[in-house]
Each structure stands twice: as structure tokens, then as C-alpha cells.
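Novice:
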Amino acid sequence: MKKERKSHTRFKESIVRTVAISVVCAVLEAHYVNLTYGDGIISPYHVLVFLIGIIAGFDRNLKIWIGNLLTYSVIEDAFYWVAKSQLPIQWSPEYIVIDHIPLYYIPYSIVAIILYLNGMKEEEN
1 MKKERKSHTR FKESIVRTVA ISVVCAVLEA HYVNLTYGDG IISPYHVLVF LIGIIAGFDR
61 NLKIWIGNLL TYSVIEDAFY WVAKSQLPIQ WSPEYIVIDH IPLYYIPYSI VAIILYLNGM
121 KEEEN
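Numbering-wise, the sequence shown is residues 1 to 125 according to the numbering used here.
1) Give the C-beta separation of residue 57 and residue 18 to the nearest angstrom, bearing in mind that I take them to be a contact with Cβ-Cβ under 8 angstroms.
2) So, using beta-carbon positions, are residue 22 and residue 104 closer together than 8 angstroms?
3) What is the C-beta distance between residue 67 and residue 32, in whole angstroms, given that I count them as a contact (C-beta under 8 angstroms)?
4) Determine the direct distance from the alpha carbon of residue 25 to that of residue 83, and round the result to whole angstroms.
5) If you count every other CB in all the chains shown that lies within 10 Å of the CB of residue 61, and 16 or more means buried, which is it?
6) Is the beta carbon of residue 30 less than 8 angstroms from the beta carbon of residue 108?
7) Residue 107 lies in the alpha helix (DSSP H); which residues open and close that run?
8) Taking C-alpha atoms, which residue in 101, 69, 51 lies nearest to residue 16?
9) Assuming residue 67 is part of the alpha helix (DSSP H), what are its boundary residues?
10) At what residues does the alpha helix (DSSP H) containing residue 33 begin and finish?
11) What number of angstroms, rounded off, separates the C-alpha of residue 52 from the C-alpha of residue 76?
As C-alpha cells, this is what we get:
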């Protein structure tokens with residue numbers, strides 16, 4: 001029972017840390033970063049944001065770590081658009097959206113939930 005509580009606490013802490021850093025990065029990006037791509041889609045800033053996501057979501061359980069990275073990606077992007085007070089399609093025609101929700105949010109969220117559930121089962125055993 002004690003091991004289960006400890007793993008649940010660690011799990012909750014890693015998700016809270018991931019969400020908090022996602023929101024901070026989104027607000028900073030929305031208000032302080034000038035995203036100019038030139039010819040490519042990936043800028044050095046995007047590599048930095050990806051690395052921050054990897055570090056922010058670190059967990060010794062690989063499934064939870066990957067779930068945190070997917071969660072970071074969705075939350076960071078969603079809060080970017082909230083901070084900008086825009087819809088994703090207003091800035092980037094590459095976004096595939098359904099009712100103004102970027103399509104990749106759905107599979108990322110589903111895979112993250114599956115990874116979280118499997119990671120928690122591993123921690124309990």
C-alpha cells in the first residue's frame with residue numbers, strides 16, 4: 001500500500017510539473033518569441049522547446065516519461081493559442097483541425113492516457 005501511494009504521488013508530481021512548465025513555455029512563446037522560420041519548419045527555438053519538454057517530463061518510468069512529453073506538447077501548444085487569443089488556423093495553414101481543434105491533440109492525448117495507465121500498472125506491480 002505504501003509503495004502504491006509513493007508511486008501515485010510521484011506520478012501526480014510529474015504531471016503537475018509537466019503542465020506547469022508547458023503553460024510557462026506557451027506564455028513565453030506567445031509574448032516574447034518571434035517565430036520566423038525562413039525555409040524550414042523547425043527552428044532552433046522549437047528544438048529548445050522539445051528539449052525542455054523532455055527534461056520537464058522526466059520520470060524513471062519510460063511510459064510515464066513519454067506520456068508526459070506528449071502531454072507537454074499538447075498543453076504547450078493549446079496554451080500558446082489561448083495566450084495569443086487566436087485559433088490555430090489563423091497562424092498556420094498546416095494545422096489539420098476539426099472544429100478548430102488541431103487533429104494531433106486527439107491521438108497524442110489518447111496515447112498519453114494509455115501510457116499513463118500502463119506505467120501506473122507497472123509501478124504498482
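Glycine included, each C-beta is placed from N, C-alpha and C at the ideal position. All figures in this text were calculated on a predicted structure; none of them were measured in a lab.
Specialist: Straight from the coordinates:
1) 4 angstroms
2) no
3) Incorrect: roughly 28 angstroms between the Cβ atoms, too far for contact.
4) 11 angstroms
5) buried
6) no
7) 105-124
8) 69
9) 62-84
10) Run containing residue 33: none; DSSP gives neither H nor E here.
11) 11 angstroms
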